[in-house]
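Residue numbers for the sequence shown follow full-length UniProt numbering, so the first one is 1 and each next one is one higher.
Working notes, beginning with the structure itself.
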Amino acid sequence: MTEQLRGGFHHIDLSVSDVAASKAVYGPILEFLGYRQVTDKPHQCEWDLGPEGRGASLGIKACAPEEAGHAHRRYAPGLHHLAWRAESRADVDRFHAMLVERGVPILDPPAHYPEYSGDYYAVFFEDPDGIKLELVYAPGWI
């Protein structure tokens with residue numbers, strides 16, 4: 001039997017207004033982080049991390065057509081933001097450079113955020129629908 005991390009996230013699916021535009025952002029981000037694409041259809045894409053049955057999955061799916069005109073509202077009920085772990089500060093900096101090169105909107109460039117934890121170092125950015133995303137290096141925290 002495969003050991004699983006109890007309580008860890010199994011998968012996250014995000015509804016997006018334009019799968020192709022979102023794939024152009026999420027694909028390079030997730031591949032940088034070690035995910036591999038496992039589904040690639042016009043209405044949905046999915047990437048998996050880690051060995052089958054032990055990692056995590058992130059999917060993007062086309063939202064309902066009647067919802068496509070609604071922008072993401074970070075402070076409304078629902079998802080505020082999504083953060084991934086980095087291996088080091090240098091990893092965050094390389095990731096930031098990749099985002100800039102690809103034209104991904106940066107909300108806050110890499111910086112130290114001691115108010116979150118002593119060694120918290122992160123970059124904040126957003127996807128085509130305005131969902132806030134983050135890559136963080138925070139050794140010793142969680």
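The beta-carbon is built from N, C-alpha and C at its ideal position, and this holds for glycine as well.
Does DSSP put residue i in a helix, a strand or coil?
i	result
S57	strand
L14	strand
H96	helix
D108	strand
E87	coil
R102	helix
Where do the ends of the alpha helix (DSSP H) carrying residue i lie?
i	result
Y120	Premise fails: Y120 is in no alpha helix (DSSP H) and is neither H nor E.
E31	V19 to F32
Are there 16 or more other CB atoms within 10 angstroms of the CB of residue i, so buried, or fewer, so exposed?
i	result
residue 148	As displayed, the chain neither begins before 1 nor continues past 142, which places residue 148 out of reach and without an answer.
K23	buried
D48	buried
Y35	buried
V100	exposed
W84	buried
residue 192	Since the first and last residues shown for the chain are 1 and 142, residue 192 lies out of range.
I12	exposed
How would you write the range of the beta strand (DSSP E) that residue i sits in, first residue to last?
i	result
W47	Q44 to L49
D129	Careful: D129 lies outside any beta strand (DSSP E) and carries neither H nor E.
R36	R36 to K41
If residue i sits next to residue j, beta carbons under 8 Å apart, how far is it from one beta carbon to the other, in whole angstroms?
i	j	result
residue 167	E134	No answer is possible for residue 167: it lies beyond the span of the chain, which begins at 1 and ends at 142.
G27	Q37	7 Å
D108	P139	Incorrect: roughly 20 Å between the Cβ atoms, too far for contact.
A71	H10	The pair is not a contact, with the Cβ atoms about 28 Å apart (cut-off 8 Å).
P105	A122	Their Cβ separation, rounded to whole angstroms, is 16 Å, which puts P105 and A122 out of contact at 8 Å.
E31	T39	Not confirmed; about 14 Å, so no contact.
(message) Does the region 17 to 26 come into contact with the region 117 to 132, if we say contact requires no fewer than three beta-carbon pairs (one atom in each stretch) closer than 8 Å?
(response) yes
(message) Assess contact between the region 94 to 112 and the region 50 to 68, defined as three or more Cβ pairs (one per stretch) separated by less than 8 Å. Is contact present?
(response) no
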